[in-house]
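Read in this note's numbering, the sequence shown has 577 at position 183, and its numbers run on one by one without any break.
Just so you know, even glycine gets a beta-carbon here, dropped at the ideal spot from N, CA and C.
The structure displayed is predicted, hence computed values, not measured ones.
First up is the structure itself, then whatever we jot down about it.
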Amino acid sequence: MFDSLFGSLTKLLLLAIGLSVVFSLVNATLSKPKKKRRRRNYQRERNFVPEENRSPRDNVMGCGCALLLVLFAFLGVKFFSFIWEHPIPFFLLFGACFALLVFIANQFPDKTSEKPQPPELEKSPDDFTSDASSFDYAQEVGKAGEDAIEKVIHQVCAENRRRYQLLRNVYLPKGNGETSEIDLLLLHETGMYVFESKNVSGAIYGDDSHPQWIVYKRNGDQERMTNPVRQNEGHIKYLLQFLGQDPWASRVYNVVVFGAKSNIKQVPQTRTFTSIHTIRTLPGDLSLMLQNGKNFYSPETVDALYDKIQPYVHMVDDDVTQTHIEQVSRRFGKFN
């Protein structure tokens, strides 16, 4: 009783599947756009060969294709009739094959689950300062990026032939006992250019408004980094505060530069006086910025700004540098 009921249900299921396949094929054929159908007919007319010009080989190939279609149709009918008459053995065989495939798949675990997880963002400063090798490596990578930017700035400014001064690693006081570090500060007749160096490798995704950006490594891992545009805006804020200048009465450019191994994938730039570059594009971009920029400061003002800021360059010792890194780690969860 149970076998006959199961066989009847299986036949009904097979019949429903067959009808659905036929209905789908008919519906797909009838619902094609007329434009595509006209294009197909045009193509057929263009490639049409009159019957008197056809070679015997074309006729033989046509007959062979027709025979293959008939053979496949015959085999399909036989296979369907076999399933119709023996539904239970067929589904038992199908289930056994499916179970075997699942068993084989489980023997090869997913390697992606073994990849290291991205670093956590909520970390204490001790997590970063306790590892001396990581600290030294971060310093070396950051220094290499700043060296490359400094070289480009001197080359471009030498060609521009206007008064400029360049300062590096400027630690400006915030007024609350903390400091704000500017990687490179270009004082130029066209304005002040605050450079933020990010010598990271990978594909970079982010936007101006989001507090964190994502860096996808080549090995598939991903890391989160502080939005460098916002980070550099903080540096500009304390620079103007230190100089006693009104933001609306000054001209300061927010310039973010990534390393040669960085690939800026999706970083829209929507803010005025803000630009994002790689070290490869920086020479041409900075040259255009200086050429198109109108003079805003006089040469004497450039020198006066330099004299006021210069005492805060290379005036700090390792303890002050370490304190600054701990402040940044506490705020952003990573090195600056």
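query	result
Three-state class that DSSP yields for H582 in the structure shown	strand
Pairwise C-alpha distance: G628 and N570	14 Å
Assumed close pair G600, W607 - CB separation to whole angstroms, cut-off 8 Å	3 Å
The region 638 to 651 contacting the region 582 to 594, beta-carbon criterion three pairs below 8 Å	yes
Contact under 8 Å by Cβ, Y558 with L580	yes
Rounded Cβ spacing between I658 and T672 (contact assumed at less than 8 Å)	7 Å
Cα-Cα separation, I477 to G489	14 Å
Chain-order list of residues whose beta-carbon lies under 8 Å from that of E544 (same chain, five-residue window excluded)	L560, R562, L578
Buried versus exposed, by CB contacts within 10 Å (16 or more), K611	exposed
Opening and closing residue of the alpha helix (DSSP H) in which Q660 lies	Premise fails: Q660 lies in the beta strand (DSSP E), 656 to 660, not in any alpha helix (DSSP H).
Reference Q660, options P483, T573, V609, closest by Cα	V609
Backbone CA spacing between K732 and P677 [nearest angstrom]	Lying outside 395 to 730, the shown extent of the chain, residue 732 is not represented and no answer is given.
Whole-number beta carbon distance between I630 and V650, since they are thought to touch under 8 Å	Rounded, the Cβ-Cβ distance is 12 Å, inconsistent with contact.
Cα-Cα separation between F690 and Q639, rounded to whole angstroms	14 Å
Test item: CB-CB of V594 and V707 under 8 Å	no
Assigned secondary structure, C644 (DSSP; H/G/I helix, E/B strand, else coil)	Here residue 644 is Ser; the residue named in the question, Cys, does not match the sequence. Residue state, collapsed to three classes: coil.
Close beta carbons around L684, own chain, < 8 Å, minus the five adjacent residues each side	V550, C551, N554, R556, H582, T584
Beta-carbon contacts of N648 that lie in its chain and below 7 Å, excluding the five residues immediately before and after	V588, V623, N626, E627, I630, F667, T668
N500: CB within 7 Å of a non-hydrogen atom of the ligand HEM	Ligands displayed in this structure: none; no statement on the ligand HEM is therefore possible.
Nearest-angstrom Cβ-Cβ length linking L680 and V546, presumed shorter than 8 Å	7 Å
Assigned secondary structure, G596 (DSSP; H/G/I helix, E/B strand, else coil)	strand
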